[in-house]
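Notes for the one structure printed next.
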Amino acid sequence: MDADALIEWALEDAVSESESPPGPPLLASAIRHAVFPGGARVRPQLCLAVAAACSAGSRDDLMVSAGAGAALELLHCASLVHDDLPCFDGADTRRGKPSVHVAYGEPIALLTGDALIVMAFSTLARTCAESPETLLRVLPIVTSAVGAPHGIVAGQAWESEREIDTATYHRAKTGALFIGAAEAGAASVGADPTPWRRLGECLGDAYQVADDLRDMLLDEDALGKPAGQDAKCARPNAASDLGPRAAMAKLNGLIEAAADSVPECKGAPALRALVHAQASRLIPASLARALA
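Quick note, this note's numbering runs 14 ahead of the 1-based positions in the sequence shown.
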């Protein structure tokens, strides 16, 4: 099973648990709506790629790293559901379809996000059931990526502050899950996660700059979600702060830094190639050429 199929299998396994009777069917439907079909699944892809680079690729290693990656993706999906709510962005679309609160109402959307958070940690616990020492290594990484003071919850909370340090805000809102994915991938196979933090930082920063460029320069049809949200909500945006061409140059520099940060290991060349391949998906080719 390749990485894409393994990630989808792990997510399907997790979501199916929520659909078992006698659970409320509307909530179960909303959970599936929030998770499938997904985006690029870049966070679990990163988790699995780091795990593969650090290990011999045994079946047990792959299953644990897939569970860790699925947990991170479920947390990402939860953050999107909550981010789209009227009390935050008030976004009507996500991934080219109605956002959860539009399709199911605000109460179910709030509960869907909550359920996905619980599901993420349940998935992690089940995956590591036969390896408690692995759970002890991975769990603090995941909780740090999602909670306060450095995770995505803190990132969302920064939007309610009067003064925002842009780097701190972006590192929590976007970078934290990339850092968590890189570190969890290493920890899930028993490797030291510390050398992999820089990769997560660079990729998180790159993704944020790319997201800012897309928000500023693309329309809703291209994004699959509302455009111009940063300007609408008066949030920091690298493309508007630096200018689109300078932001594109920064993005390219971050991708090179990410590739260079990959520690020397058996799987390093393949992982560096993957970093460059994933980078090409961040910005439409026509836009990248225009900003070159």
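Positions of the beta carbon are idealized from the N, C-alpha and C atoms, including for glycine.
Beta-carbon proximity check, Leu88 vs Ala28, cutoff 8 angstroms: In the sequence shown, counting from the first residue as 1, residue 88 sits at position 74. In the sequence shown, counting from the first residue as 1, residue 28 sits at position 14. Yes, Cβ-Cβ distance for Leu88 and Ala28 is below 8 angstroms.
Boundaries (first-last residue) of the alpha helix (DSSP H) holding Cys247: Numbered from its first residue, the sequence shown carries residue 247 at position 233. Neither: Cys247 is in no alpha helix (DSSP H) and is coded neither H nor E.
Run of the alpha helix (DSSP H) containing Ser136, from where it starts to where it stops: Residue numbering aside, residue 136 sits at position 122 when the sequence shown is read from its first letter. Its alpha helix (DSSP H) spans residues 120–141.
Simplified DSSP assignment, three categories, for Ser209: Residue 209 sits at position 195 when you count from the first residue of the sequence shown. According to the sequence displayed, residue 209 carries Pro and not Ser. Note: Pro209 maps to helix in three-state DSSP.
Contact set for Pro250: own chain, Cβ-Cβ below 8 angstroms, skip 5 residues either direction: For this step, residue 250 is matched to residue 236 along the sequence shown. So the qualifying residues of the chain are Ile178, Thr180, Tyr183, His184, Asp244.
Phe192 classed as buried or exposed, judged by whether at least 16 other C-beta atoms fall within 10 angstroms: Taking the sequence shown and counting its residues from 1, the one referred to as residue 192 is at position 178. Phe192 is buried by the Cβ-count criterion.
Between the CA atoms of Ala261 and Arg39 - distance to the nearest angstrom: Along the sequence shown, read from residue 1 onward, the residue named residue 39 stands at position 25. Along the sequence shown, read from residue 1 onward, the residue named residue 261 stands at position 247. Before going further, note that residue 39 is Pro rather than Arg in the sequence given. Spanning the two alpha carbons is a distance of roughly 45 angstroms.
Alpha carbon of Ser136 to alpha carbon of Ser275, nearest angstrom: Counted from its first residue, the sequence shown places residue 136 at position 122. Counted from its first residue, the sequence shown places residue 275 at position 261. Answer to the nearest angstrom: the Cα atoms are 32 angstroms apart.
Cα-Cα separation between Ala263 and Pro146, rounded to whole angstroms: The residue labelled residue 263 in the question sits at position 249 within the sequence shown. The residue labelled residue 146 in the question sits at position 132 within the sequence shown. Going from the Cα of Ala263 to the Cα of Pro146 covers about 44 angstroms.
Validate contact between the segment 285–295 and the segment 227–244 using beta carbons, cut 8 angstroms, 3 pairs: no
Of the residues Ala241, Ala63, Gly214, Ala65, the one placed nearest Asp226, counting alpha carbons only: Along the sequence shown, read from residue 1 onward, the residue named residue 226 stands at position 212. Checking every option, the nearest Cα to that of Asp226 belongs to Ala241.
Contact belief for Val78 with Thr148 at Cβ below 8 angstroms, rounded distance in angstroms: Taking the sequence shown and counting its residues from 1, one reaches residue 78 at position 64. Taking the sequence shown and counting its residues from 1, one reaches residue 148 at position 134. Right, their Cβ atoms sit about 6 angstroms apart.
C-alpha distance - Glu144 paired with Cys101, whole-angstrom precision: The count along the sequence shown starts at 1 and reaches residue 144 at position 130. The count along the sequence shown starts at 1 and reaches residue 101 at position 87. Approximately 41 angstroms between the Cα atoms of the pair.
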